[in-house]
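> So that we are looking at the same thing, I have put the structure below in structure tokens.
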Amino acid sequence: MASEKHNDHAHDHAAHLREKHLMLDPLPRGQMNDMVMESMRATSWKFWVVFGVLSVIVAVFLFGAWGYMIANGLGVAGVNRPSYWGIFLVNTVFWIGISHAGTFISAILRVFKAEFRRPFTRAAELMTTFGLVQAGFSIFMHMGRVWLSYWLMPIPNQRGLWPNFHSPLSWDLLAITTYLLSSTMYLFLPLIPDLAMARDRTPDGTWQKTFYRVLALGFRGTEGEWTHLRNAMNIFAWAIIPVMFSVHTIVSWDFAAATRPGWSSTIFGPYFIVGALHSGMGAVAMVLAVIQSRMKHMKYFIRGEHFEGLGMLMLLVSMAWAYFFFNDYMVQWYGGDKWTQQLLHFHEAGPLGWMWFAMLVFNVAIPWVTLWNKKWRSNPWLLFTVGLLINVGMWFERYIIIPISLTINRMPFTWRMYTPGVEIYLGIGTVAFFILLYMGASRLIPLIPVWEVQEGQMAHSLKTYGRETVVTVSELE
Amino acid sequence: MTDNFSRRDFLKLASVGAATTAILTGCGPASRYVTREPYTQMPEYTYNGQSTYYATTCRECAAGCGLVVRTMQGRALKVEGNKNHPANLGKTCVRGQATLHGLYNPDRVQDPAKQSKRGSRDFSNMDWDAAIAVVADALKNTDPAGVAFLMGMAPDHLFDLVSDLAKAVGAPTPIRFGALGMFEARATLGKAVENLFGQAAMPFFDLGKSDLVFSFGANFLETWLAPVAFTRGFANMRRGGGHGRGTLVHFEPRMSQTASKADMWIPITPGTEGLVALAIGRIAAEARGATSAAFENVDVEAIASASGVSAEKLDELGKLFASADAALAIPGGAALAHSNGLETAEAVLALNALVGGLGRAGGVLLAPLAPMQTEFSRPANIAEMADFVEKMKGGKIKTLFVHGVNPVFELPKSLGFEDALKSVGTVISFATFPDETAMQADYVFPDHHGLESWGYQRVAAGSSQSALSGAQPVVSPYYNTRATADVFLAAAASAGGALAQALPFKDEVEFIQSKLVALVGEGDGYFGAPEINTFTAYFQQYGGWWKTVEELSTPSGDVLGKAIKVGEAKFAGEGEFYLHPFVSPVLGEAGANKPWLQEVPDPTTTVMWGSWVEIHPETAHELGVDNDDVVLITSEAGAVEAVVYKYPAIRPDTIAMPFGQGHSAYGRYAEGRGSNPADLFGEQVNDAGDLAFAGMRVKVEKTGKTYPLARLESRMGVYGEALGEEH
Amino acid sequence: MTIELKIPEYSANWAEGEQQGKWGMAIDMDICTGCQACVAACAMENNIPFVGEADSGYGRSMHWIRTERFWEGEFPEIKMTPYQPVLCQQCGHAPCEPVCPAFATVHSQAEALNLQVYNRCVGTRYCANNCPYQVRSFNWRDYERPEPLPNQLNPDVTVRRRGVMEKCTFCIQRIHRAQDQAKAEGREVADGEFTTACAQACPADAIVFGRIDDPESAVSKLAGGARGFHMLEELGTLPAVTYLKGG
């Protein structure tokens, strides 16, 4: 009786562990593959309604408004003297920030073998690529003569001119291009086995079959193919980490290398990276919550443990961000430059001072209060909300750094508030476009890297030693 | 025949033909204009990329500054000052620079036209023959006493022609008027000089050689008399010549642009300028140990309390004035626009006498008359204009010719000029721009723009040399306009009789030459010529004719012999605020239709494209109004709405409004923009007949509306607004 | 055909204490009356568009030169600070130059001026952000000049389209004209032979332009005097414009 009880207890414990941890709750591979395929194909009419609405928003707000702006000049936006940049650059930095989460989660956690990453690396990597697309839109939009933007590329031309490599904007362009290319490749490599899986589960004669066949590059799962793939992924995972760090550092140099009060701060590089991770983590949390609740079978793949782990990361990043914010503020304040002092005062007491306080509440206070609690941070919708607030807070941070800080310069005669014009719609358009791309991707490629999950599940098992049930992991790779 | 026609003959014949053509066209009116050609089809005589420069005279105000206009292929590109011209020595003001936006203004009157009903703006174009017939008919068939000419302060040659014409017809002498003359208080200044020195003349204030200037309301850096010349004088005073840096003290209830350059700005109670001058005179006299009857009975304490300038300050100012090497006191502008304005002018001028400033370098002298001028003349004052309007109302004027002035806009509304027009049989406007008066006319026969015109202008102020500024077209007329002088000459010719005999000139140029003949052989000229054609050529080339020697004369008269009395200023209307109108330093009286002038910020407020009312921030606070709030200003004569500008440098009991905006016509850039303080003006005049425009009290009420003023300055950066440090 | 790509120099290379620049300007703030003649003269010479009420009130006016003034004290002791015409300072070490990715704002070695090459400008507006003097203006729109206003346009100066940055050029078209003339006559350009539109119009002669590399020139004498100072000198931008403090 006692032993039965004990067995029951052990059994309960094991069941509990299985329920909690995806790695300990394996399903047959074929079933799991079918679940992923089904999650792509089960599309309700609601999906198409949202998809349609977003398409219209993208067509009107993004491309329509952009065309209007190209035809009429930037005057239709709110940029002015002295806020020459405005929301365009806010959005650029914001989207590049979002894009950082993908690499961070996928590459860094992969390199450090954080097991909870497995089901959602793809979702995060997609954010990188799609976020960068929006960042590209935002930065090209802000150009006065966007039709000449190819002049910024280092290509041979009849003008006999290289781009100016002294300009942080040139660095920026190269960094973002490198990041976009490498992150796209890094997205693609782990996708190959899943594409092959999808190819094998798609009926002949459909366009999807062709799509998967072409993209899967004839992957059959041979030993040699796996070895090559693993090597390539390893190289990319290691290589993309410095690229990621460099990108946002270089973005920060657009500001830090300038002579403006509030901008020429030596700590902007790490400050921007941490800020990017902050918003990126928040965005991943939001995306996971949506995927989990909206896509079929996703409750199996994405569980409380993932939100819990993510929540912990968010808390950590929030603390780091708070540290850098304080550091940046402290040094600028202590510097005593009268224009910087004026600017810091303007941040807090100016007409948009509420934004400064909201930023601190959203980025620091709320994560710190909510994410300490393990139970709370396991709740998808709480994490969604916190992630949303962090993103709003981080958008505010960029708004404060760009248009609000541009308001205050060394010529008080020219100080002027910035009121956004058409760039609001353009910003909404990029958000819609991001979601649209994501929704499209969710119908075409497996959002869950099945082979990675299966690989993890194979390595993990529950073993019962006497009274204790423990998780054992076999060495991978 | 053809066989015998050698190449040599051909060349002979061709050259004779060419010479004949050259002579014929060269002497005819055709050569007087430069033809405008597209850049792609240039005539042979124009070199690609080479500019041609023409000297002419600025018509943006009546000061008569000389211009040199750069043209290329018949287009006027840039206006510069004429370096040799004694009025401006190569410099221009902001309005002069923007005169090209008048020349190429998209809203010019393009053809002679008849308006179906006055004010309807329903114009039907006419041809010039019909237009001349209308003028001829008006001249011939109207009772001469019923013909009236209302002319602007420029150009002078047209005024001379019209004067001759009026004499020949037997019509009353033409009347000249301009809002600038009204705001300058020219009549008061002339009258004061006449009263003190027994001689009507324009005073010459030798700013440049003075080391201390007390300016009583004279906005000499803005629009007053000859701003370019005065600015030069001011700069020389500051550079200091032999004296060291000169000091400027300015008395005005509001810090004007001139006051802003002062070392000391005294925000004086409006209407007490003359009293303060007396107090300064008394203290200065005492400090110099001189007794003068003029200032003997002055009660300094009483003046201190009336003017709001403390007795200590008066003492300091008096001693400062007494101790300067070359002190100069200038009366002008709003200080003279009070019921006691003439007395104020006399009191201030007397200050100069006290410190020996009459006739001394750096003091007050009398400006020379212009060449061909026999006596001092001035535009009509408001008293005379009021008489004129009465005559119109009484139906005594059958035909009114209006040129160079926009009385519907410029005259105080209370005079009722617009109403009075209804009693005039025929109104013929020669406006270049579709101004308010043209909109109330039966016919508009547009004159050329000043840069397309011949003419001359007498330099009345600002030049120590007697000067006649010459004007010539720098480009051919852009539209189907015609010189008003030519229209009158053609009309006179077609009317025949005595009229044709009195004006036997082929065209405007011949008329001008007939006047210039008097200068041929005149000595001390900038150039000389043996006969009129050569003289005219030089006159065009140099942009006028002037003496090379100074001809300033010393005022004389027993100024200090008897006590000078300055009465108390009487204020018309009720209300808690003094109204202090001033001419917009950028727009002047007629600049509102030039887009770039609209975009040039006002020097003191930096407002563009609008007008405003300046209210002290504390007063605004008491009234419960803020920047950009619209207030209703009510005087005894009228009411206007204006946008509040919280101006920190104005007396709390005074509000100030610029004149220049508030047009109801005058082209797309002017129409419906801002408000016109002339709508508030009453009819109170001073003893010289000038309008007491500063002698008014007004009420200010909040309307609840707002209108954002376009400012160049940052309200955040300059006033600390929105930074938690608001003043 | 091969095209050789090159990287232009963008910065002056003066050592400490060396003569700085070629053209210079001295502005006497004690004499400047704030009359705005320079503003209008500049607009007329350089084909600067007017932008209308809404845009000019929103910090989009195109003035290449503006007059600044502030207030000191409270009524009745209030004073206006001297009018200060602010235009491109033609810095020796210009912050605008290195940040342009398209080499649209480069340093002229020949004239020691900051050039703005309209044709190269793609409108990133980084230069304007980085200009400590905020003297650059951007063509936010294609500004309308109704006929026949375009007749007035100066054929020596490019008319800029939307999306292009612009700024004061020290009237480089006049510099070139004078140099061409001098070259044709086989001589150097003399000081005072020509001047910029703003200096030419200035009724008070508060703006003096000329050869700053000639110690005998009017501008050098004024700039070298005790009253001279440079705006935001602490930034080390080496401006070619010297302001003269009140006397």
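Each protein sequence line maps, in turn, to chains C, Z and F. Heads up, the working numbering is the position in the first sequence plus 23, with the first residue counted as 1. Heads up, the working numbering is the position in the second sequence plus 759, with the first residue counted as 1. Heads up, the working numbering is the position in the third sequence plus 814, with the first residue counted as 1. C-beta atoms are modelled at their ideal positions from N, C-alpha and C, and glycine is treated no differently. For clarity, every value in this text was computed on a predicted model and none was experimentally measured.
At the level of alpha carbons, what is the spacing between F/Phe1008 and Z/Gly1302?
Residue 1008 of chain F sits at position 194 when you count from the first residue of the third sequence. Residue 1302 of chain Z sits at position 543 when you count from the first residue of the second sequence. So the alpha carbons of these two residues sit roughly 21 angstroms apart.
> Tell me, which residues are paired with C/Gly75 by DSSP?
Walking along the first sequence from the start, residue 75 of chain C turns up at place 52. Bridge partners of C/Gly75: none, in fact.
> Per DSSP, F/Met894 is paired with what?
Indexing the third sequence from 1 puts residue 894 of chain F at position 80. According to DSSP, F/Met894 bridges with F/Trp885.
> How many Å lie between F/Met1045 and F/Pro896 at the Cα?
Your numbering for residue 1045 of chain F matches position 231 in the third sequence. Your numbering for residue 896 of chain F matches position 82 in the third sequence. Rounded to whole angstroms, F/Met1045 to F/Pro896 spans 14 angstroms at the Cα level.
> Taking F/Trp885 as the query, report the chain Z residues whose CB atoms sit under 9 angstroms from its CB, ordered along the chain.
For the purposes of this step, residue 885 of chain F is taken as the residue at position 71 of the third sequence. Per Cβ cutoff of 9 angstroms: Pro1407, Ala1408, Val1477, Tyr1478, His1486.
> Just how far apart, CA to CA, sit F/Cys982 and F/Val920?
On the third sequence, residue 982 of chain F is found 168 positions in, with the first residue counted as 1. On the third sequence, residue 920 of chain F is found 106 positions in, with the first residue counted as 1. Distance between the alpha carbons of F/Cys982 and F/Val920 is about 14 angstroms.
> According to DSSP, simplified to helix, strand and coil, what is C/Ser288?
By one-based count along the first sequence, residue 288 of chain C stands at place 265. C/Ser288 falls in the coil class under three-state DSSP.
> In terms of residues, what are the limits of the alpha helix (DSSP H) holding C/Phe84?
Looking up residue 84 of chain C in the first sequence gives position 61. Neither: C/Phe84 is in no alpha helix (DSSP H) and is coded neither H nor E.
> Could you check whether the Cβ of C/Thr437 sits closer than 8 angstroms to any Cβ belonging to chain Z?
As a position in the first sequence, residue 437 of chain C is number 414, starting the count at 1. Yes, C/Thr437 lies at the interface with chain Z (some Cβ there is under 8 angstroms from its Cβ).
> Does F/Tyr1082 get closer than 8 angstroms to chain C when you measure Cβ to Cβ?
This structure leaves residue 1082 of chain F out entirely; chain F is present only between 815 and 1061.
> Quick one: grab the DSSP three-state call for Z/Gly1476.
On the second sequence, residue 1476 of chain Z is found 717 positions in, with the first residue counted as 1. Z/Gly1476 falls in the helix class under three-state DSSP.
> Where are the alpha helix (DSSP H) runs, 4 residues long or more, that stay fully inside the stretch 1015-1087 of chain Z, in chain order?
The qualifying runs are 1016-1019, 1032-1046, 1059-1066, 1070-1082.
> Determine whether the beta carbon atoms of F/Ala1062 and F/Arg939 lie at a separation below 8 angstroms.
Outside the shown range of chain F, which is 815 to 1061, sits residue 1062 of chain F, and nothing can be said about it.
> Given a limit of 8 angstroms on CB to CB distance, which residues of the stretch 926-938 of chain F reach chain C?
Residues passing the 8 angstroms Cβ filter: Arg934, Cys935, Val936, Gly937, Thr938.
> Is C/Ser428 a contact residue of the ligand ATP, with contact defined as CB to any heavy atom under 7 angstroms?
Within the structure as shown, the ligand ATP is missing, as the structure has no ligands at all.
> Assign F/Asp844 to one of three DSSP states: helix, strand, or coil.
Against the third sequence, residue 844 of chain F aligns to sequence position 30. Three-state DSSP puts F/Asp844 in coil, outside helix and strand.
> For the beta strand (DSSP E) that Z/Gly1463 lies in, which residues bound it at each end?
Within the second sequence, numbered from 1, the residue matching residue 1463 of chain Z stands at position 704. Run containing Z/Gly1463: 1456-1465, per the beta strand (DSSP E) assignment.
> Is the beta carbon of C/Asn56 sitting closer than 8 angstroms to the one on C/Val354?
The count along the first sequence starts at 1 and reaches residue 56 of chain C at position 33. The count along the first sequence starts at 1 and reaches residue 354 of chain C at position 331. No, the pair does not count as a contact, with Cβ atoms beyond the cut-off.
> Give, in chain order, every unbroken run of the beta strand (DSSP E) that is at least 3 residues long and sits entirely within the stretch 1393-1424 of chain Z.
Segments of the beta strand (DSSP E) lying fully in the stretch 1393-1424 of chain Z: 1398-1405, 1413-1418.
> In this structure, what does DSSP give as the bridge partners for Z/Asp1388?
Reading the second sequence from its first residue, position 629 is the one you call residue 1388 of chain Z. According to DSSP, which records beta bridges pairwise, Z/Asp1388 is partnered with Z/Thr1465.
> Buried or exposed, going by whether 16 or more other CB atoms sit within 10 Å of the CB of C/Ile273?
The count along the first sequence starts at 1 and reaches residue 273 of chain C at position 250. It counts as buried.
> So is F/Gln948 in contact with chain C if we call contact Cβ pairs under 8 angstroms?
Here residue 948 of chain F refers to the residue found at position 134 when the third sequence is read from its first residue. Yes, F/Gln948 lies at the interface with chain C (some Cβ there is under 8 angstroms from its Cβ).
> Could you check whether the stretch 1168-1184 of chain Z touches the stretch 973-981 of chain Z, counting it as contact only if at least three pairs of C-beta atoms, one from each stretch, sit closer than 8 angstroms?
No contact exists between the stretch 1168-1184 of chain Z and the stretch 973-981 of chain Z.
> Do the stretch 898-909 of chain Z and the stretch 1215-1227 of chain Z make contact, defined as three or more Cβ pairs closer than 8 angstroms?
In short, these stretches do not touch, since the Cβ pair count stays below three.
> Just the chain C side, please: which residues come within less than 8 angstroms of Z/Ser1473 by C-beta, in chain order?
Here residue 1473 of chain Z refers to the residue found at position 714 when the second sequence is read from its first residue. Result: Pro435, Phe436, Thr437, Trp438, Arg439.
> Does the beta carbon of F/Trp837 sit closer than 8 angstroms to a beta carbon anywhere in chain C?
To locate residue 837 of chain F, count along the third sequence from 1; it is residue 23. Output row for F/Trp837: interface = no.
> If we count the other Cβ atoms within 10 Å of its Cβ and call it buried at 16 or more, is C/Arg64 buried or exposed?
Your numbering for residue 64 of chain C matches position 41 in the first sequence. Per the 10 Å Cβ criterion, exposed.
> Anything in the stretch 417-436 of chain C with a Cβ closer than 8 angstroms to a Cβ of chain Z? List those residues in chain order, please.
Answer in chain order: Thr430, Met434, Pro435, Phe436.
> Only counting the same chain, and skipping five residues up and downstream in sequence, which positions put a Cβ closer than 7 angstroms to that of C/Gly309?
The residue labelled residue 309 of chain C in the question sits at position 286 within the first sequence. Per the sequence shown, residue 309 of chain C should be read as Met rather than Gly. Around C/Met309: Phe407, Gly410, Leu411.
> What does the alpha-carbon distance come out to for the pair F/Arg883 and C/Met335?
For the purposes of this step, residue 883 of chain F is taken as residue 69 along the third sequence, with counting starting at 1. For the purposes of this step, residue 335 of chain C is taken as residue 312 along the first sequence, with counting starting at 1. C-alpha separation (whole angstroms): 55 angstroms.
> Return helix, strand or coil for Z/Gly785, following the three-state DSSP convention.
Within the second sequence, residue 785 of chain Z is the residue found at index 26, counting from 1. Reliability fails at Z/Gly785, whose pLDDT of 42 lies under 50, so the model's placement of it is uncertain and the value that follows must be treated cautiously. DSSP places Z/Gly785 in helix when its eight states are reduced to three.
> Can the beta-carbon of Z/His860 be found less than 8 angstroms from the beta-carbon of F/Leu963?
Mapped onto the second sequence, residue 860 of chain Z falls at position 101. Mapped onto the third sequence, residue 963 of chain F falls at position 149. Contact: yes.
> Within the same chain, show all residues whose beta-carbon is closer than 8 angstroms to that of Z/Pro962, passing over the 5 residues directly before and after it, in chain order.
By one-based count along the second sequence, residue 962 of chain Z stands at place 203. Closer than 8 angstroms at the Cβ level, and outside the excluded window around Z/Pro962, lie Leu948, Val952, Leu1108, Val1123, Leu1124, Leu1125, Ala1126, Pro1314.
> Does any C-beta atom of chain Z lie closer than 8 angstroms to the C-beta of C/Asp373?
Your numbering for residue 373 of chain C matches position 350 in the first sequence. Reading off the sequence, residue 373 of chain C comes out as Gly, not Asp. Interface residue, yes.
> I'd like to know if F/Gln966 contacts chain Z, where contact means its C-beta is closer than 8 angstroms to some C-beta of that chain.
The count along the third sequence starts at 1 and reaches residue 966 of chain F at position 152. Taking Cβ atoms only, chain Z reaches closer than 8 angstroms to F/Gln966, which makes this a yes.
> Could you tell me which chain C residues have their CB closer than 7 angstroms to the CB of Z/Leu1468, listed as they occur along the chain?
Within the second sequence, numbered from 1, the residue matching residue 1468 of chain Z stands at position 709. Within chain C, no residue comes near Z/Leu1468; the closest Cβ sits about 14 angstroms away, beyond 7 angstroms.
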